[in-house]
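Just so it is clear: in the sequence shown, position 109 is 108 by numbering that gives the first Met the number 0, and no numbers are missing. Where is the CB? At the ideal position from N, CA and C, for every residue including glycine. Following: one structure in structure tokens, then a few remarks.
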Amino acid sequence: MREIFTPVGEEIRRLKAGSLVSLTGVLFTARDRTYQRILETLENRKKLPVDLRGQALYHCGPLVRKVGGEYRVLSCGPTTSSRLDNLHAELLRKTGARLMIGKGGIGPRAAREVAGLGCVYLSFTGGAGALAASFVKRVREVYWEELGPEAMWALEVEGFGPLVVTVDTRGRSFPAQRI
0 MREIFTPVGE
10 EIRRLKAGSL
20 VSLTGVLFTA
30 RDRTYQRILE
40 TLENRKKLPV
50 DLRGQALYHC
60 GPLVRKVGGE
70 YRVLSCGPTT
80 SSRLDNLHAE
90 LLRKTGARLM
100 IGKGGIGPRA
110 AREVAGLGCV
120 YLSFTGGAGA
130 LAASFVKRVR
140 EVYWEELGPE
150 AMWALEVEGF
160 GPLVVTVDTR
170 GRSFPAQRI
């Protein structure tokens, strides 16, 4: 299993649909309301609170507990990515993020758009939130905390995976029904 380090660059072009990878670095959680907040912020010509170029967006709303002034992630399983298919390309293009991680696959049009931007979509197993949390070393930051679980959580992870390369930069897709 190949290990990927964030932020990523052109090396992700070597990833092939169907292969397994793990990720070390920072994941930024991004669910529906986070996508909306990012796009609204950029549409209003304001700066995002963090540079997402080369970063990984994880479709997840973590379950966290504050312990001694620090957040501890209890569970952080993926959510279904396809429900955001109409926004993936715009968000990736405007932020420069290069990886998306979620549950299941994305639709054919979204897959073509993601690949066309030189980005990769990775799948993590649904129902494995406790396993996902075991890879989180710490919460680095929380952006838009008022959104609760849908805030953008910067999670420092080590060996996060296994992740299936579901859409690669060549536009090849690993069939969702086989994941």
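Starting from residue i, follow its DSSP beta bridges and name the residues at the other end.
i, result
"Pro77", "Cys59"
"Glu140", "Ala153"
"Ile3", "Leu22"
"Arg71", "Arg64"
"Val135", "Val156"
"Leu121", "Ile100, Val164"
Taking all protein chains shown into account, do 16 or more other C-beta atoms lie within 10 angstroms of the C-beta of residue i, making it buried, or fewer, making it exposed?
i, result
"Ala96", "buried"
"Gly158", "exposed"
"Leu19", "exposed"
"Phe27", "buried"
"His123", "Residue identity differs from the one stated: residue 123 is Phe in this sequence, not His. Buried: at least 16 other Cβ atoms inside 10 Å."
"Asp167", "buried"
When you compare each of the options to residue i by their alpha carbons, which one comes out closest?
i, options, result
"Ala16", "Val141, Cys118, Ala153, Lys136", "Cys118"
"Gly126", "Glu2, Thr94, Cys59, Gly76", "Gly76"
"Gly103", "Thr165, Leu116, Gln54", "Thr165"
"Thr94", "Leu22, Arg44, Glu155", "Arg44"
In three-state DSSP terms, what is residue i?
i, result
"Ile100", "strand"
"Ala127", "coil"
"Leu162", "strand"
"Arg32", "helix"
"Val49", "coil"
"Leu14", "coil"
"Leu116", "coil"
So residue i and residue j are in contact, right, with Cβ under 8 Å, and what is the actual spacing, rounded?
i, j, result
"Ala60", "Thr78", "Strictly speaking, residue 60 in this sequence is Gly, with Ala absent from that position. Gly60 to Thr78, Cβ: 7 Å. Contact."
"Leu38", "Leu90", "6 Å"
"Val138", "Tyr70", "4 Å"
Does the beta-carbon of residue i, which I'm using as the reference point, lie nearer than 7 Å to any heavy atom of the ligand NAP?
i, result
"Met151", "By its list of ligands, the structure shown contains no ligand whatsoever, and the ligand NAP lies outside what it can speak to."
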